[in-house]
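**Student:**
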Amino acid sequence: GENVEQHPSTLSVQEGDSAVIKCTYSDSASNYFPWYKQELGKRPQLIIDIRSNVGEKKDQRIAVTLNKTAKHFSLHITETQPEDSAVYFCAAKGDTGTASKLTFGTGTRLQVTL
Amino acid sequence: DTGVSQDPRHKITKRGQNVTFRCDPISEHNRLYWYRQTLGQGPEFLTYFQNEAQLEKSRLLSDRFSAERPKGSFSTLEIQRTEQGDSAMYLCASSLAGGRSGANVLTFGAGSRLTVL
Chain A
1 GENVEQHPST LSVQEGDSAV IKCTYSDSAS NYFPWYKQEL GKRPQLIIDI
51 RSNVGEKKDQ RIAVTLNKTA KHFSLHITET QPEDSAVYFC AAKGDTGTAS
101 KLTFGTGTRL QVTL
Chain B
1001 DTGVSQDPRH KITKRGQNVT FRCDPISEHN RLYWYRQTLG QGPEFLTYFQ
1051 NEAQLEKSRL LSDRFSAERP KGSFSTLEIQ RTEQGDSAMY LCASSLAGGR
1101 SGANVLTFGA GSRLTVL
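Line by line, the protein sequences are chains A and B.
In terms of the working numbering, the first sequence is residues 1 to 114.
In terms of the working numbering, the second sequence is residues 1001 to 1117.
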């Protein structure tokens, strides 16, 4: 089955700096890669996603890049703000068979300091 | 219908008791997923349904766990003879099946937190 690894496990940045979180996946059948943000005590919420036919996607201060050949994808947050502090999870999913469920990474705790 | 609803939000039980959680997905979503999340970890897949059919169960899911989605709408997750290691947040999510716009996007409920004493 799919295995998703995520690094780093914790990340501390100063307000206004950029943050980068990296993930690798193992199943070449995976074709959908979402990122979820989870604040303490709350549900995971989708912040951005990318499909395998696209190499990069941007939404305001958030961008995701995908390298299918190397099987890795990254989340980039620019101009970080205190409200970006949360745990971020990457995930991977395919369409059929055992790849058709979303497999999550272990999470990155991002802390944005003033 | 404003999202995925889960009930109860919190459950405290004694070891050996049975517990049942309920999930009401977004009404037009035909896929429903159950995940378990422990502190500091990512959500861990348990099982999922497409309509009323249970299509996959994690190998990690012992036979004390059973899930149903009898009419293809709400789902229940039952844990029999609970153990302390079952203490976790049980998350439900729903999505459209593949091939349609918005498919694959999982929307999560707020979760049911289980504490086994």
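Quick reminder that beta carbons are idealized off the backbone N, C-alpha and C, glycines included.
Go to residue 38 of chain A, then tell me how far its beta strand (DSSP E) extends in each direction, as first and last residue.
**Tutor:** For the purposes of this step, residue 38 of chain A is identified with residue 38 of the first sequence, where counting begins at 1. Counting along the chain, the beta strand (DSSP E) containing residue 38 of chain A begins and ends at 32-38.
**Student:** Exposed or buried, what is residue 70 of chain A when buried is set at 16 or more other beta-carbons lying within 10 Å of its beta-carbon?
**Tutor:** Locating residue 70 of chain A in the first sequence gives position 70, where the first residue counts as 1. With fewer than 16 other Cβ atoms within 10 Å, it is exposed.
**Student:** Any C-beta of chain A within less than 9 Å: which residues of the region 1064-1080 of chain B qualify?
**Tutor:** none
**Student:** Please list, in chain order, all residues of the same chain as residue 72 of chain A whose beta carbon is under 6 Å from its beta carbon, the five residues on each side excluded.
**Tutor:** By one-based count along the first sequence, residue 72 of chain A stands at place 72. Within the same chain, residue 72 of chain A has close Cβ partners 24.
**Student:** Can you tell me which of B:1117, B:1014, B:1105, B:1110 puts its alpha carbon nearest to the alpha carbon of residue 32 of chain A?
**Tutor:** Your numbering for residue 32 of chain A matches position 32 in the first sequence. Considering only alpha carbons, the answer is B:1105.
**Student:** Straight-line CA distance for residue 1059 of chain B to residue 13 of chain A?
**Tutor:** One-based indexing of the second sequence puts residue 1059 of chain B at position 59. One-based indexing of the first sequence puts residue 13 of chain A at position 13. Distance between the alpha carbons of residue 1059 of chain B and residue 13 of chain A is about 38 Å.
**Student:** What did DSSP end up calling residue 74 of chain A once you bin it into helix, strand or coil?
**Tutor:** Here residue 74 of chain A is taken as the residue at index 74 of the first sequence, counted from 1. The three-state secondary structure of residue 74 of chain A, taken from DSSP, is strand.
**Student:** For residue 1094 of chain B, does the count of other Cβ atoms within 10 angstroms reach 16, so buried, or fall short, so exposed?
**Tutor:** Here residue 1094 of chain B refers to the residue found at position 94 when the second sequence is read from its first residue. Looking at its Cβ environment, which holds 16 or more other Cβ atoms inside 10 Å, residue 1094 of chain B is buried.
**Student:** Can you confirm whether the region 1-8 of chain A touches the region 36-51 of chain A when touching is taken to mean that 3 or more C-beta pairs between the two stretches lie within less than 8 Å?
**Tutor:** No: fewer than three Cβ pairs fall under 8 Å.
**Student:** Using 10 angstroms around the beta-carbon of residue 54 of chain A, count the other beta-carbons present and answer buried if the total reaches 16, otherwise exposed.
**Tutor:** Within the first sequence, the letter at position 54 stands for residue 54 of chain A. Classification for residue 54 of chain A: exposed.
**Student:** Using the beta-carbon of each residue, which ones in chain A are nearer than 7 Å to residue 1110 of chain B?
**Tutor:** By 1-based counting over the second sequence, the position of residue 1110 of chain B is 110. Chain A residues near residue 1110 of chain B: 43.
**Student:** Can you pull out the residues from the region 56-78 of chain A whose beta carbon lies closer than 8 Å to at least one beta carbon of chain B?
**Tutor:** none
**Student:** For residue 108 of chain A and chain B, any beta-carbon pair shorter than 7 Å?
**Tutor:** As a first step, residue 108 of chain A must be located in the first sequence, where it is residue number 108. Not a single CB atom of chain B sits nearer than 7 Å to the CB of residue 108 of chain A.
**Student:** Under 8 Å Cβ to Cβ from residue 38 of chain A, same chain only, skipping five residues before and after it: list those, please.
**Tutor:** The residue given as residue 38 of chain A occupies position 38 in the first sequence. Correct list, in chain order: 44, 45, 86, 87, 88, 89, 107.
**Student:** Of all Cβ atoms in chain A, is any one closer than 7 Å to the Cβ of residue 1061 of chain B?
**Tutor:** In the second sequence, counting from the first residue as 1, residue 1061 of chain B sits at position 61. It does not: the Cβ of residue 1061 of chain B has no partner Cβ on chain A nearer than 7 Å.
**Student:** Cβ closer than 8 Å: which chain A residues qualify as neighbours of residue 1117 of chain B?
**Tutor:** Along the second sequence, read from residue 1 onward, the residue named residue 1117 of chain B stands at position 117. By Cβ distance, chain A contributes nothing, its closest Cβ being about 21 Å from residue 1117 of chain B, past 8 Å.
**Student:** Mind pulling the chain B residues with CB within less than 7 Å of residue 93 of chain A?
**Tutor:** For the purposes of this step, residue 93 of chain A is taken as the residue at position 93 of the first sequence. Simply 1104.
**Student:** Residue 32 of chain A touches chain B at which residues, Cβ-Cβ below 7 Å?
**Tutor:** As a working note, residue 32 of chain A is residue 32 in the first sequence. 1104, listed in chain order.
**Student:** Tell me which same chain residues have a C-beta within less than 8 Å of the C-beta of residue 1071 of chain B, skipping the five on either side of it?
**Tutor:** Along the second sequence, read from residue 1 onward, the residue named residue 1071 of chain B stands at position 71. Counting only Cβ-Cβ distances below 8 Å, and skipping sequence neighbours, we find 1052.
**Student:** How many angstroms separate the CA atom of residue 1036 of chain B from the CA atom of residue 1092 of chain B?
**Tutor:** As a working mapping, residue 1036 of chain B is identified with position 36 in the second sequence. As a working mapping, residue 1092 of chain B is identified with position 92 in the second sequence. Residue 1092 of chain B has its alpha-carbon roughly 9 Å from the corresponding atom of residue 1036 of chain B.
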